[in-house]
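Only one structure is covered here, and it is reproduced in the block below.
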Amino acid sequence: MNIIFLIFSFLFLFLTSTILFKRTDIFSPARLFSLVWVFVLGLCSLKLSRFQYDWSIYSWYVLLITLTSFLLGTFVVYVLNFGKNIPTIPIIREIQSQKIKVNTYTIFKTIVFLFFIYIISYIIIYSIVDFLPAFSKKPHLNRATWGVFGFGLFIHLTPIIIFLSIAYFIHHKNLTRKFIITNIFLITFISFILLEQRFGLVFAIILAFVYLYYSSTKISIKNFLLSVIPIIAIIYGLTTLRESKYFIYYLYYLSNMKYSINYALFTEPYMYIVMNVENFAYAIEKTIHHTYGFYSFDFILALSGLKHFLKEYFGFNDFPALRTALYNTYSMFFIYYRDFGLIGSFIFPFLLGILISHAYYKMRYNPNFHTISLYAILVIGIIFSYFIPLFSWLYFIFDVLVIYFISRYIQQKSKSIII
Numbered sequence: 000m001n002i003i004f005l006i007f008s009f010l011f012l013f014l015t016s017t018i019l020f021k022r023t024d025i026f027s028p029a030r031l032f033s034l035v036w037v038f039v040l041g042l043c044s045l046k047l048s049r050f051q052y053d054w055s056i057y058s059w060y061v062l063l064i065t066l067t068s069f070l071l072g073t074f075v076v077y078v079l080n081f082g083k084n085i086p087t088i089p090i091i092r093e094i095q096s097q098k099i100k101v102n103t104y105t106i107f108k109t110i111v112f113l114f115f116i117y118i119i120s121y122i123i124i125y126s127i128v129d130f131l132p133a134f135s136k137k138p139h140l141n142r143a144t145w146g147v148f149g150f151g152l153f154i155h156l157t158p159i160i161i162f163l164s165i166a167y168f169i170h171h172k173n174l175t176r177k178f179i180i181t182n183i184f185l186i187t188f189i190s191f192i193l194l195e196q197r198f199g200l201v202f203a204i205i206l207a208f209v210y211l212y213y214s215s216t217k218i219s220i221k222n223f224l225l226s227v228i229p230i231i232a233i234i235y236g237l238t239t240l241r242e243s244k245y246f247i248y249y250l251y252y253l254s255n256m257k258y259s260i261n262y263a264l265f266t267e268p269y270m271y272i273v274m275n276v277e278n279f280a281y282a283i284e285k286t287i288h289h290t291y292g293f294y295s296f297d298f299i300l301a302l303s304g305l306k307h308f309l310k311e312y313f314g315f316n317d318f319p320a321l322r323t324a325l326y327n328t329y330s331m332f333f334i335y336y337r338d339f340g341l342i343g344s345f346i347f348p349f350l351l352g353i354l355i356s357h358a359y360y361k362m363r364y365n366p367n368f369h370t371i372s373l374y375a376i377l378v379i380g381i382i383f384s385y386f387i388p389l390f391s392w393l394y395f396i397f398d399v400l401v402i403y404f405i406s407r408y409i410q411q412k413s414k415s416i417i418i
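With numbering that gives the first Met the number 0 applied, the sequence shown corresponds to residues 0 to 418, in that order.
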């Protein structure tokens with residue numbers, strides 16, 4: 000057992016133990032970010048696959064600059080708010096559950112409106128591509144090609160529809176409208192599963208849970224820890240829908256695992272966690288030329304329609320220096336190094352730390368449907384920062400903007416009925 004693993008194990012246990020302290024906020028940006036990355040780096044240090052390797056000092060240097068920069072951004076906002084009277088989590092929950100009544104009719108209208116856009120887009124895409132990934136011969140490949148430019152963006156309304164439906168169930172008691180929302184929820188859920196996607200559903204779960212954590216007295220540390228199990232089960236369960244046990248064994252051999260095949264079941268979750276950072280560390284060593292904003296501002300280029308033209312013109316490769324073609328993600332932070340080098344590795348995480356922490360403190364000072372919902376979707380970016388660059392992807396920016404405007408609209412309609 001190596002010393003690096005022991006260090007990260009100690010840090011993880013220490014950070015986990017702080018959750019048990021009174022008035023500790025599980026979802027505070029710095030704590031959550033540290034927990035995620037200490038856990039991931041601890042797993043990486045095990046080196047259970049032969050595709051993993053010993054990182055260079057420079058790779059460690061860039062990685063530590065990146066992570067420290069994000070934490071520094073959160074610390075700046077913390078200092079600016081130090082000493083101020085910030086409501087505790089129990090007080091926030093009391094405000095939400097006893098003093099504020101959310102306008103459920105506005106939520107109802109919003110859900111119906113978003114569902115209408117979603118289902119129309121779904122039908123249009125299906126009529127054009129003429130297949131559903133779940134019923135195709137290669138669902139794990141076809142799920143990536145299912146979509147049409149423009150309409151495909153509205154398919155990503157799924158987590159928002161599910162989240163709003165859960166919020167509606169919590170706040171509303173009328174059975175007639177609940178029946179309508181239940182049907183919308185089921186249609187959205189089942190139709191999205193047929194696309195062989197899982198992250199949209201996980202996003203919805205995180206959105207709903209974070210909202211409940213800050214707005215309900217029924218969420219406790221115990222409930223939080225217990226909720227981790229079903230979330231993991233859902234993620235892995237959706238995988239097994241499209242993969243047989245033979246594929247699991249096949250993946251075990253392809254991944255060059257060092258442990259016995261009796262534990263092949265753990266190959267996919269382990270590799271999906273560690274290979275992002277392994278690719279990040281490896282690609283840093285191989286990066287010679289920079290792309291100056293092409294990947295950091297991917298959402299702008301995708302929206303303008305220039306993305307593919309510029310990529311072909313400059314000959315950019317989306318997946319440079321992979322340890323293996325089986326896993327082609329680099330964590331959230333590689334694109335900033337690829338675009339701008341060390342400067343990008345410092346500035347972008349630093350700004351993200353400030354942005355997310357600002358949203359957090361705004362929510363703590365003024366807890367309502369809008370501020371809690373907005374921070375909830377930013378939490379998703381923190382949790383999956385080890386995996387994919389969500390803050391550069393058009394569909395995630397789209398979801399953030401949708402959450403921002405609709406939650407603000409719902410909150411404005413709710414102000415007149417504060418009790």
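Where is the CB? At the ideal position from N, CA and C, for every residue including glycine. Note that this is a predicted model, so its numbers are computed, not measured.
Alpha helix (DSSP H) segment containing residue i, residue limits
i, result
"residue 358", "333-364"
"residue 146", "Looking at the DSSP string, residue 146 is not in any alpha helix (DSSP H), and its letter there is neither H nor E."
"residue 36", "28-43"
"residue 90", "88-93"
"residue 72", "56-79"
"residue 318", "Neither: residue 318 is in no alpha helix (DSSP H) and is coded neither H nor E."
"residue 310", "306-313"
"residue 101", "Premise fails: residue 101 is in no alpha helix (DSSP H) and is neither H nor E."
"residue 14", "2-17"
Helix, strand or coil at residue i [DSSP, three-state]
i, result
"residue 330", "coil"
"residue 369", "helix"
"residue 196", "coil"
"residue 180", "helix"
"residue 294", "coil"
"residue 399", "helix"
"residue 133", "helix"
"residue 387", "coil"
"residue 171", "coil"
"residue 211", "helix"
"residue 324", "coil"
"residue 285", "helix"
"residue 279", "helix"
"residue 20", "coil"
"residue 108", "helix"
"residue 124", "helix"
"residue 393", "helix"
"residue 216", "coil"
"residue 204", "helix"
"residue 84", "coil"
"residue 25", "coil"
"residue 156", "coil"
"residue 411", "helix"
"residue 418", "Its pLDDT being 41, under 50, residue 418 is placed unreliably by the model, and nothing is read from it."
Residues sharing a beta bridge with residue i, DSSP
i, result
"residue 48", "256"
Any chain D beta carbon closer than 8 Å to residue i
i, result
"residue 372", "Absent here is chain D; the protein component of the structure consists of one chain."
Practice problem: Check whether the region 355-365 touches the region 186-194, taking contact to mean three or more Cβ pairs, one atom from each stretch, closer than 8 Å. | Solution: no
Quiz item: Can at least three beta-carbon pairs, one atom from the region 200-211 and one from the region 122-139, be found at a separation below 8 Å?
Solution: no
Quiz item: With a cut-off of 8 Å, do at least 3 Cβ pairs link the region 37-53 to the region 73-86?
Solution: no
Quiz item: Does the pairing of the region 371-391 with the region 98-117 give three or more beta-carbon distances under 8 Å?
Solution: no
Quiz item: Is the region 325-337 touching the region 266-277, taking contact as three or more C-beta pairs under 8 Å?
Solution: yes
Quiz item: Can we say the region 346-356 touches the region 162-180, given the rule of at least three CB pairs closer than 8 Å?
Solution: no
Exercise. Report yes or no: do the region 22-38 and the region 249-258 share at least 3 C-beta pairs separated by less than 8 Å?
Key: no
Self-check item: Three-pair Cβ contact test at 8 Å for the region 93-109 versus the region 69-80
Solution: no
Quiz item: Three or more beta-carbon pairs under 8 Å between the region 317-327 and the region 278-294, yes or no?
Solution: yes
Quiz item: So, do the region 365-373 and the region 400-416 have three or more beta carbon pairs nearer to each other than 8 Å?
Solution: yes
Practice problem: Count the C-beta pairs between the region 6-15 and the region 206-218 that are closer than 8 Å, then say yes if the count reaches three, no if not. | Solution: no
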